[in-house]
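First residue of the sequence shown? That's 1 in this note's numbering, and the numbers climb one at a time after it.
Note that CB positions come from ideal geometry on N, CA and C, so glycine has one too.
Just below is one structure, and these are the notes that go with it.
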Amino acid sequence: MFLCYHRNGVTKTCLPARQALLIMKFTAFFLLAVSLQVSASVNAQKVTLREKNVPLEKVFRSIKKQTGYSFFFDESWLRQAGKVTVEIKDASLERVLDLCFSGQPLTYSIIGTTVVIKKRIPRTENIEADSSTVFRTIKGVVTDEKGAALSNVSVVVKSTGSGTATNGKGEFTIDVQPGDVLIFSAIGYKTVSVTIGAEVTLSIKLLLEIAEVNEVVVTAIGVERQKKSLGYATTVVSGAPLAEVRETNIINSLSGRVAGVYVNQGAGGAGSAAYVVIRGAKSFNTAKNQPLYVVDGIPILNESNVREQGGAQFDFGDGISNINPDDVESITVLKGPNASSLYGSRGANGVILVTTKKGKSGKGVNVSFNSNATFEKPNTIPKFQRTWGGGYDDDYSSLEEVTLADGTKAWRWPNWLIDNWGGKLDGRPIVFQDIPDAAPIPYTAISDKELMKFFNTGQTFTNSLTLSGGNSATTYRVSASNMDNKGITPRSGLNRKTFDVRLNSELSSKLSLAVKANYINQKGKNRPGIGGSFLDATTNLQLTPVFIPLSFMENYLNPNGTVRNFRSLPVNPYWVVNKVDANDTRNRLIGFVSLEYKLLNWLKVMGRTGIDYYTDNRNITVPDKNPVSGYQTGYVNNETATTSENNNDFLVSAYGRVAGKINGSFSVGGNNRVFRYESVQQVGTNRDLENLWIIENMRSIQNYKFINRKTVNSLYFAGQLSYDNYLFLDINGRNDWSSSLGINNYSFFYPSVSSSFVFTDMPGYKSGWLSYGKLRLSYGMAGNDADPYQTAAGYFLGATPYIGGQRMLSISSNVPLADLKNELTSSFEAGTELKLWDKLNIDFTYYDATTKNQIMRVVLPVSTGFSTQLINAGAIRNRGFEAVVSGSIVRSPAFQWNTSLNFSRNFSKVVELTDNIKEFTLFNAGAAIVVQEGQPYGNIVGSVYERSPEGRVVVDAEGTHRIADSVKVLGNIQPKILGGFTNTFSYKGFELRVLIDARIGGKVYSRTKQDQWQKGTGVGTEDPGNFIIDGVVEQSDHSYVENTKVITRMAMFANRGWSNLVEEFVLDASTAALREVSLSWGLKKAFWNSRIKGVTLSLVGRNLAYIYRSKEFKAMGISAESSFAPTAAAQGVESRNMPVLRSIGVNLNVNF
């Protein structure tokens, strides 16, 4: 006897009944607009058939497509059955099966989500059990990977086909013989086989099938497709681990999980903006290299709200950080135009699709409660030299010996002194010129750990409650969450409340409705400054001499209200955290309403309107009597901004059989996108009444108003053909008409074509060591749209009154481009997916993408009367590869070990700039980040050591380094290799997951090291001196002799810091981090209340340790991950920012 398991209507495996049986799970028929849902109830299944004189097997395939139920049978039995004719509409599954088996020698039983086919036994036949057969009863429980009970799981004895299904608590009871093999299967989960031994109870855990090659994934415009049909690379990340080990910005959790995706978290504390780039930067506009984010088919805005106010920068977060991780079902990454061309002018940088959770039909109301608590500390501690004090030339001459009122001697620190090139810290008493009433402090260095006492232990508490349920016609899900963060800097924090509602309803057999509303209320308190300004407490802390204890700085105000500190700058960090406020409030609504009507069995139409609307209120106040330039008289900045984007879509989809084994689908759709932004800002200085920090109390007030409007209309089509379910062809196209482009360039067309060939699914293929094999090929184009108001000259109303109180209109200093074009990316991609021995998965991709029509602002001579001119010019090429190797190292009922390794390499090259411009500066912060024709994107350019013709360092007559007259390329900001390594271990209800990610190669300009070498605080400057630089001295005849001049530590280090010899401060940015660890425990049922379906308790940790840092960063006690700002070029600058935070905590999930 042969037992067969069918998948997608094709007999995949037929093996003798008592040998191993491969059961592979259901793949849902892909949808083109909205997802169909599979009911948990047999009676709720609605089946429509119109078949005439066809084999039962064909009927099974049709039923499987409509319901998701699998069929378990002996193939030889089907040959004994007659053909059937059935025509029925919207009938229950049982009714359809009764008709099919009427008059047949076969019958059926439904076990969970499996239809088991059996031979019909005549009533007169008397079958007696073999007296030697010994049966015993086995009991057990089936749970998911989080310990939640799974109902309706099929439990089948492989040899006989008899079986049962789990109840609502995941429990089952079945009679078996020793040696029997039980098959546990459920839709969406991996099948598990267990051989019965001496045990009498079983505890079975089913894992989600998200990593299988036949998974259904969300693609462009929200269409669900079988992954095997896609001709381009995609990656799907389950939302479960992102919620378990959560970040306040969910996108940070993608770090190390997706090949080719670089993620760098912001340095502005909880909820700060992250920088994400896929397959390398493609735009010379460094703020326009991030992907488009789409939530449930609706594009959302993800502007990084980094505000520069008077030279100081504050990070108020971005758009994706507002999403609650508990609401996320999965995240799908579309990596380039090959996959994202249907997003047209927004698809060049790739697309990140966020799919949120929906309700499921079933009995009663499902209740889920999640509580997460984490505690944060800096994962690095800055290190400083602790030997030398203030002054110069290794002596104490800068300190003045004084006699105190009690007659004791002390040494006074002058208010001009900040550098630490003086005598040793020898414990002598020190007083300060600027704080005459302060008691002396010992001239002794404080410890690193004492320095870190400035920071609090951060605390983040998140609680989420979800109600979901429904019936065969309507499902719903309602969730509410509260996240409350107390930052590591005093008085800082973030609170975010979310409320999410999702409703899906079959209004009739033809009309369906989907509604979603997600409301976010977020309040940030005292956001820390970034970018190394004096309004950033971390910057001031690092610039403070190491002998000044924290207790001395805690008294940060003088009696007259001025800042109390050892000198004017740096500012006392306690004054910054207690007096400088950077607060914000956001109210946001993301949602849609969608209607779908089925015109015919093969034709449907969808209409949808979606919105992303939010208001931001930001307030920055800086009291007067401080030494920071631009803020001395007090400063108040109030800004209210309203941002909205409306997307209105329609989609008409036809699908079905074309001819023979050819199936196809074709969709035509359109989109109307309207973007609006309006900001009103008031900036006040020179306060009137003391200690009243409102805009009305400022004597000088400047008013600003900004308005942006943009409309894009689009039409698109998507066509797919498949041959015998193993050969696939997609042809897509989209045309955008954008209001922000030039007169003759409003319209852009973005085509794509892709093909997938699953050669192991070809008829006649004999499965061996290669279980699955696929080749894919694709080409696509997508754009990077321009901001509005760049095609014509505009006027600006001056904020400050001029003669007679009149305000002046000024023309823009930029020369516009009347025929402005979109940046356009064309991408070719080829790849393969292989599965070996049903255990080892290999996914390899090669890509080659070129972006042209770069939108550049080039500098003009002053004589033109303008500062810059906008042009379309230049092109950049990104090519590289991505590889993912994953599989099951150990797979047994008691223990599983799954692993996944991903790595990628991107090669970028600026193909061309213009005839007159061969170098273009992207960013300058002491070192220039540039693009140069023929070079990679993001070269670091700066001053270098002067060298002799033989390459030796040249020193001057004083024995110190000389700087060359010209600048040179000192490295590139882009990493050479990105990688991630995930291991998951499961054992008897416990699961341990470990994630390591790595960035190998790339350089960064360290302003921290430069500061330390300027001021003599760095650990590298601690050597006592008597240096002789290994170099040569140039003679008058231009010959060179060996240097023999002995110099001090100040001459050795400070000269290079003071002159910003950039070559010395460009460091290796390579890092490898233990990014994430979680240990979860699905509590045994003995711990549960009878109403509880499952409880999972997890210990979690993020950013736990660095496995590798370059030796210089390790010596300084900082990390290259603390980037200057969330833009492409700023990734090449490290500047005294707040360190990355290590978090450790617990997560509790309870399902009722």
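- Between F432 and F534, the C-beta spacing is not below 7 Å.
- Residue environment for G427: exposed (fewer than 16 other C-beta atoms within 10 angstroms of its C-beta).
- By alpha-carbon distance to A582, the top candidate from T489, Y613, F828 and L254 is T489.
- Here DSSP, grouped into helix, strand and coil, assigns W388 to strand.
- Taking C-beta separations shorter than 8 Å and ignoring five residues to either side along the sequence, the partners of L820 in its chain run S740, L741, G742, N745, A786, Q790, T791, I855, L870 and N872, following chain order.
- Looking at V955, F844 and N924, the one whose alpha-carbon comes closest to that of S904 is F844.
- I63: not part of any beta strand (DSSP E); member of the alpha helix (DSSP H) spanning L56 to T67, first to last residue.
- Taking a 10 Å sphere around the C-beta of S283, we find 16 or more other C-beta atoms and assign the residue as buried.
- A contact is defined here as three or more CB-CB pairs under 8 Å, and the segment 258-274 meets this definition with respect to the segment 520-538.
- By a beta-carbon distance limit of 8 Å, I963 contacts S943. Their separation comes to about 5 Å.
- If you draw a 10 Å sphere on the C-beta of M808, you find fewer than 16 other C-beta atoms in it, and that means exposed.
- Taking the Cα positions, Y795 is about 22 Å away from E639.
- The beta carbon of L817 is closer than 7 Å to those of G742, Q790, T791, L870, I871 and N872 in its chain, skipping five residues each way along the sequence.
- Taken through DSSP and simplified to helix, strand or coil, L97 comes out as helix.
- With fewer than 16 other Cβ atoms inside 10 Å of its own Cβ, T642 counts as exposed.
- Residue ranges of uninterrupted beta strand (DSSP E) with 3 or more members, entirely inside the segment 763-833 and ordered along the chain, are 770-784, 795-797 and 809-811.
- The C-alpha of V501 is placed about 55 Å away from the C-alpha of G865.
- Beyond the five residues adjoining it in sequence on each side, V1150 comes within less than 6 Å, by CB distance, of F369 and V1095 in the same chain, given in chain order.
- A residue is called buried once 16 or more other Cβ atoms fall within 10 Å of its Cβ, and T457, having fewer, is exposed.
- For A220 against L334, the beta-carbon gap comes to about 7 Å, under 8 Å, which counts as contact.
- In the DSSP assignment, N939 forms a beta bridge with V930 and N972.
- With contacts defined as CB atoms closer than 7 Å, S255 and D997 qualify as a contacting pair.
- By the neighbour-count criterion, in which a residue is buried when 16 or more other Cβ atoms sit within 10 angstroms of its Cβ, L824 is buried.
- Just measuring C-alpha positions, the residue of K510, I590 and P975 sitting nearest N647 is I590.
- Around the beta-carbon of H961, 16 or more other beta-carbon atoms lie within 10 Å, marking it buried.
- Bridge pairing for D736: S714 and F748 [DSSP].
- A residue is called buried when at least 16 other Cβ atoms come within 10 angstroms of its Cβ; W416 does not meet this threshold and is exposed.
- Distances from the CA of L207 to each of G389, I1028 and S986 were compared; the closest alpha carbon is that of S986.
- Under DSSP, V515 forms a beta bridge with L503 and V593.
- Under the three-pair Cβ rule at 8 Å, the segment 334-351 counts as touching the segment 767-781.
- Between the segment 441-459 and the segment 471-480, the count of C-beta pairs closer than 8 Å stays below three; the two stretches do not touch.
- With a threshold of 16 other beta carbon atoms within 10 Å, R120 falls short and is exposed.
- Taking V258 as the centre and dropping the five residues before and after it, the same chain places the C-beta of T235, V237, V333, N902 and G980 closer than 8 Å to its C-beta, in chain order.
- Following the DSSP letters along the chain, one finds A1105 inside the beta strand (DSSP E) bounded by residues G1094 to R1109.
- Only buried fits I331, as 16 or more other CB atoms lie within 10 angstroms of its CB.
- Spanning the alpha carbons of K83 and P55 requires a straight line of approximately 5 Å.
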